[in-house]
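This report refers to the structure that appears directly beneath it.
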Amino acid sequence: MPTECSAKPMGFARVNGRAVVADFDGGEITSNAGGLLLGATDRAIGLVERFAACFADSRAAERVVHEVATLVGQRVFGIALGYEDLLDHDRLRHDPVLGVMLGRLEARHGRCAPLAGKSTLNRLEHGAAEADRYRRIAHDGVAIEALFVDLFLDAHERAPKEIVLDLDATDDPLRGHQEGRFFHGHYDCHCYLPLYVFCGRHLLAAKLRRSNIDASAGAAEEVARIVGRIRARWPRVRIVLRGDGGFAREALMAWCEENRVDYLFGLARTPRLVEHIHIPLAWAEHDAETTGGPARRFADFRWTTRLSWSRRRRVVAKAEWMPGRGARGANPRFVVTSLKPARADARTLYEQLYCARGEMENRIKECQLDLFADRTSAATMRANQLRLWFASMAYVLVTALRRIGLAGTELAAATCGTIRLKLLKIGALVTRSVRRIRVAMASSCPDAAAFRLAHARLRG
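In case it helps, my numbering puts the sequence shown at residues 2 to 461.
Here it is, written out as structure tokens:
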């Protein structure tokens, strides 16, 4: 006969003469009660349903226990709640709040859990381009990419006059031997080089790429796809592309000029460019020596390279000098743009328009650090691209919660990680009756007012 073990309660230090005892016997308790807000956000924007429509399921219908929509929802909600691993879902498959979010409180068969475990979700991630005998679920990458843009467009009641699309490439370090793994000298590691496109906080594209390429590789094609879809809905909107020096390439700039898209790109420093601004740089050095602090002057001129550019373009230079560094005090920076001087003078263009692109790096950090977009440990690039899209959809979902439910609150500019900590990871006792499911959250929750406000806005 198996040995029956009765775990003893855990004792802790006494407080005011009273014993402190703890045990895991509280009943159906969840630490994810705030996920109810994610479910309400999903119903408001239809993310999971539309995302699931990008998958083709050729499994025998009579044998299916977990529909594709449930699998997709589990993955997106799980990442948003802080569970990046498929292994986590072997425990989450019994979580009552996740079951409420997906409408699956009861198992369909006695030998199954209400939600899917790691093996079923693993088959979802490793689907082929076309379903075959062993991989019955396939995803449509073109449809998924289009959905990101559609969700961005749907988030606006009316077309804005102008939008700025930020482009950036970042490293996704790899520690295995994944397909497409290459060493990147700048990042000093083996990695992928995903391309991100944002408009403010809105994510429009997350493209996984090998790292043995130029940072701008494929950017013109991605921009053409995104701009075409935006203009199909907003034909009169002005579009500006913004990126660092890795995107100042003839192919991308020429495409912009041919398609009525403005651009604002960093420009790599060269001896010819530095020589061109030697006078304002000398004045900046004089100002720095006079004041004892950093000084900058600006220059605005037409410029072309010797071979790679097809035409002369407007270049804005920041001639900056840092005091106390001798000859190394020079810190010039350059930007190439199609924007006219009447739109913005040199200082405004650099300090207010170009430098604002740095905010995009915070959005990428949210995706990678808070929502695990760098968890690309699958063997194939196709599976890793899908993982990146799952993480990106989780970002879109939390961003929608922030935009709809938290506008005007102290969490309006909070990161995804902060929103998760304050609003999503809330302990609650879940009780069920014939008529209702009651989620009793902690009475001492410090952000209960923000939770109630977000709920009211999402229900409205």
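Every residue gets a Cβ at the ideal spot worked out from N, C-alpha and C, and that includes glycine.
Outcome for residue i when other beta-carbon atoms lying within 10 angstroms are tallied against a minimum of 16
i, result
"Ala451", "buried"
"Thr4", "Low per-residue confidence applies at Thr4: pLDDT is 48, beneath 50, and the placement is therefore not dependable, though the value from the model is reported in the following sentence. Exposed, by the Cβ-count rule."
"Met2", "Its pLDDT being 43, under 50, Met2 is placed unreliably in this model, and the coordinates cannot settle the point."
"Asn33", "buried"
"Pro97", "buried"
"Asn17", "exposed"
"Arg403", "buried"
"Thr1", "In the structure as shown, the chain starts at 2 and stops at 461, and residue 1 therefore has no counterpart that could be examined."
"Lys341", "exposed"
"Cys368", "buried"
"Cys356", "exposed"
"Tyr193", "buried"
"Lys208", "buried"
"Leu38", "buried"
"Val73", "buried"
"Glu146", "buried"
Start-to-end residues for the beta strand (DSSP E) that takes in residue i
i, result
"Gly246", "Here Gly246 belongs to no beta strand (DSSP E), and DSSP marks it neither H nor E."
"Arg303", "296–304"
"Gly12", "11–16"
"Thr121", "First-last for Thr121: 119–126, but that is the alpha helix (DSSP H), not the beta strand (DSSP E)."
"His203", "203–208"
"Met442", "438–442"
Minimum C-alpha distance to residue i - residue among the options
i, options, result
"Ile280", "Arg112, Asp169, Arg19, Pro333", "Pro333"
"Gly40", "Met442, Leu242, Val101", "Val101"
"Glu158", "Leu350, Ile405, Asp448", "Ile405"
"Gly181", "Tyr188, Asp169, Pro195", "Pro195"
"Arg297", "Phe335, Leu265, Trp304, Tyr264", "Phe335"
"Pro447", "Thr381, Asp26, Lys426", "Lys426"
"Asn385", "Pro174, Ala147, Leu82", "Pro174"
"Thr338", "Ala328, Ala108, Gly244", "Gly244"
"Asn363", "Phe199, Glu29, Ile145", "Phe199"
"Gly315", "Asp371, Asn213, Gly267", "This sequence places Arg at residue 315; Gly is not what is there. Of the listed residues, the one whose Cα sits closest to Arg315 is Gly267."
"Thr416", "Ala457, Glu29, Pro272, Arg202", "Arg202"
"Arg76", "Arg136, Ala144, Leu122, Leu253", "Leu122"
"Leu82", "Thr305, Arg313, Met394, Thr349", "Met394"
"Asp24", "Gly35, Lys9, Thr305", "Lys9"
"Ala221", "Asp151, Thr271, Trp304, Leu253", "Leu253"
"His67", "Gly35, Ala117, Leu103", "Ala117"
"Glu131", "Arg383, Leu424, Gly409", "Arg383"
"Thr271", "Val150, Ala255, Ala318, Phe248", "Ala318"
"Arg273", "Trp256, Tyr396, Thr306", "Thr306"
"Pro161", "Pro236, Ile278, Leu282, Thr291", "Pro236"
"Arg326", "Gly293, His178, Arg313", "Gly293"
Cβ-based neighbour list, residue i, same chain, cut-off 7 Å, excluding 5 preceding and 5 following
i, result
"Asp43", "Val49, Leu398"
"Asp89", "Gly79"
"Val165", "Cys200, Val241, Arg243"
Neighbourhood of residue i by C-beta, 6 Å cutoff - its chain only, sequence neighbours within 5 removed
i, result
"Val69", "Ala53, Phe56, Asp58"
"Ala269", "Gly246"
"Glu163", "Arg239"
"Lys119", "Leu87, Leu88, His90, Asp91"
"Met361", "Asp167, Asp169, Phe199"
"Met11", "Ala23"
Terminal residues of the alpha helix (DSSP H) in which residue i lies
i, result
"Phe373", "No alpha helix (DSSP H) contains Phe373, which DSSP labels as neither H nor E."
"Trp256", "251–259"
"Arg458", "449–460"
"Ile80", "69–81"
"Val228", "220–234"
Distance CB(residue i)-CB(residue j) smaller than 8 Å
i, j, result
"Val262", "Val228", "yes"
"Ala320", "Phe299", "yes"
"Pro115", "Leu106", "yes"
"Ala218", "Arg226", "no"
"Asp155", "Ile231", "no"
"Ala443", "Ala429", "yes"
"Leu372", "Ala343", "no"
"Thr410", "Leu454", "yes"
"Ala108", "Phe149", "no"
Own chain partners of residue i with C-beta closer than 8 Å, once the 5 adjacent residues on each side are dropped
i, result
"Thr419", "Leu412"
"Ala289", "Pro295, Ala296, Trp322, Met323, Pro324, Gly330"
"Glu251", "Ser309, Trp310, Ser311"
"Tyr84", "His90, Leu93"
"Phe183", "His191, Cys192, Arg211, Ser212, Asn213"
"Leu370", "Gly418"
"Thr400", "Arg202, His203, Leu204, Cys417"
"Arg460", "Ala41"
is_contact[residue i, chain C] using C-beta, thresh 8 Å
i, result
"Phe153", "The structure shown contains no chain C; it holds only a single protein chain."
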